[in-house]
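Worksheet: the structure to be examined is printed underneath.
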Amino acid sequence: MPIHEKSLIRPENLVTHDQLVIDGVDVSGHWSTFITSRTITDYNEALQDEIAALPGGEYIHRCWQCGSCTNACTVNAIEPDFNPRYWIYLIRQGLEEELLRDKDILWQCVSCNKCTYACPRDVVPEGVMKATAHWLELKGHTPKSPSTHFDEGFTESILATGKIEEGRVLRTFFKRTGQPLNQPWLVALVTGLVRRFPIFYLARMGFSAVFRPRTRGWSRTGAAIQDYVNERQAEQRAALGLDVKGGH
Ligand code: SF4
Ligand code: SF4
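To convert, note that position 34 of the sequence shown is 19 in the working numbering; the numbers rise steadily by one, no gaps.
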């Protein structure tokens, strides 16, 4: 029997009576709060499999709804509507429409992993949150989040050269998220670096930014990793019933 918090029931489905007697028993007041019955016809029976096909969602089937993840959750403490246990319940039941009601807060997970340490069933709820946010993006229910833009720029940089180019990753991130480069904190960081770093390092950073040196022998390694990434993304898209060739 799942747990139902009153806050999770739509207000229009709650019925209360100030005065009510049933079979001679006075159940007036909050005792007479009823949930109207309804018929759900829009199940996505594949929803759990779709989430399980994405990185982090693999162990969602183990959940026994104890609620320890939500109790431990950093975000839930300040935003009661952020409820990993409830979303896992919805996913396992295939209640896609209900899940989509929370699509604008589901991505707020801060990846602290407190839920993961609290979970007695090794569900890795943090991974499930990540997989669900990824699922929302892949299905087109939400735009790409800033963290997805960052991950993509980071991965592209490594695949291209075998190196992490912080400057390029940052520039790509700002461009894709529509942010100006002259962020005050970035200006302060660069100014501080220029003042403190030996000229040799600064020259080396400038050289790397312009010429993008590659790790030796990277062509074959990078191509092999790219093939693997393409393969996994095609598998994930197929599991979600999406066009396998679609971009990510
Ligand atoms: S990882 Fe996310 S879901 Fe888990 S406790 Fe932290 S904020 Fe909550
Ligand atoms: S702590 Fe684990 S088993 Fe308990 S509700 Fe959360 S995910 Fe499910």
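Glycine included, every Cβ here is placed at the ideal spot set by N, Cα and C. All of these numbers come straight from a predicted model, not from anything done at the bench.
key: Cut-off 7 Å between Cβ atoms - residues of its own chain near T101, not counting five sequence neighbours on either side   = Position 116 of the sequence shown, counted from the first residue, corresponds to residue 101. Excluding residues within five positions, the ones whose Cβ falls inside 7 Å are V109, P110, E111.
ask   = Counting only runs that start and end within the region 3 to 46, where is the alpha helix (DSSP H) found for 4 or more residues in a row?
value = Runs found: 32 to 37.
ask   = Going by the beta-carbon positions, is the gap between A223 and D34 smaller than 8 Å?
value = By one-based count along the sequence shown, residue 223 stands at place 238. By one-based count along the sequence shown, residue 34 stands at place 49. The answer is no: Cβ separation not under 8 Å.
message = Is any non-hydrogen atom of ligand 2 found closer than 7 Å to the C-beta of R181, if you look at the structure I gave you?
response = Your numbering for residue 181 matches position 196 in the sequence shown. Incorrect: R181 has no Cβ contact closer than 7 Å to ligand 2.
V0 - DSSP class collapsed to helix/strand/coil = Position 15 of the sequence shown, counting from 1, holds the residue named residue 0. In this structure, V0 counts as strand in the three-state DSSP scheme.
message = With a threshold of 7 Å (Cβ to nearest heavy atom), would P169 be considered close to ligand 1?
response = As a working note, residue 169 is residue 184 in the sequence shown. No.
query = Under the three-state reduction of DSSP, which class applies to Q221: helix, strand or coil?
reply = Translated into the one-based positions of the sequence shown, residue 221 becomes position 236. Three-state DSSP puts Q221 in a helix.
query = Leaving out five residues before and five after E122 in sequence, what residues of the same chain have Cβ atoms less than 8 Å from its Cβ?
reply = The sequence position of residue 122 within the sequence shown is 137, counting from 1. Correct list, in chain order: P128, K129, S130, T133.
inquiry  = Measuring only the C-alpha atoms, how far is P169 from T26?
reply    = Residue numbering aside, residue 169 sits at position 184 when the sequence shown is read from its first letter. Residue numbering aside, residue 26 sits at position 41 when the sequence shown is read from its first letter. Whole-angstrom Cα-Cα distance: 51 Å.
message = Beta-carbon within less than 8 Å of L187's beta-carbon, same chain only, minus the 5 sequence neighbours each way: which residues are those?
response = Position 202 of the sequence shown holds residue 187. Excluding residues within five positions, the ones whose Cβ falls inside 8 Å are L178, V179.
task = Report yes or no: do the region 87 to 95 and the region 18 to 25 share at least 3 C-beta pairs separated by less than 8 Å?
result = no
Simplified DSSP assignment, three categories, for M(-14) = As a position in the sequence shown, residue -14 is number 1, starting the count at 1. Caution is warranted here: a pLDDT of 44 is assigned to M(-14), below 50, making its placement in the model unreliable, and the coordinate value is therefore given only provisionally. M(-14) falls in the coil class under three-state DSSP.
query = T55: which of D136, T200, A103, K(-9) sits nearest, CA to CA?
reply = In the sequence shown, the residue the question calls residue 55 occupies position 70. Nearest option by C-alpha distance: A103.
ask   = Who are the Cβ neighbours of H119 in its own chain at under 6 Å, not counting the five residues just before and after it?
value = Here the question's residue 119 lines up with position 134 in the sequence shown. Result list for H119: L39, in chain order.
ask   = For C94, which option in F67, N(-2), V12 has the closest C-alpha, if you only look at C-alpha atoms?
value = Walking along the sequence shown from the start, residue 94 turns up at place 109. That would be F67, whose Cα lies nearest to the Cα of C94.
query = Using the C-alpha atoms, what's the distance from P183 back to T146?
reply = Here the question's residue 146 lines up with position 161 in the sequence shown. Here the question's residue 183 lines up with position 198 in the sequence shown. Cα to Cα, T146 sits roughly 25 Å from P183.
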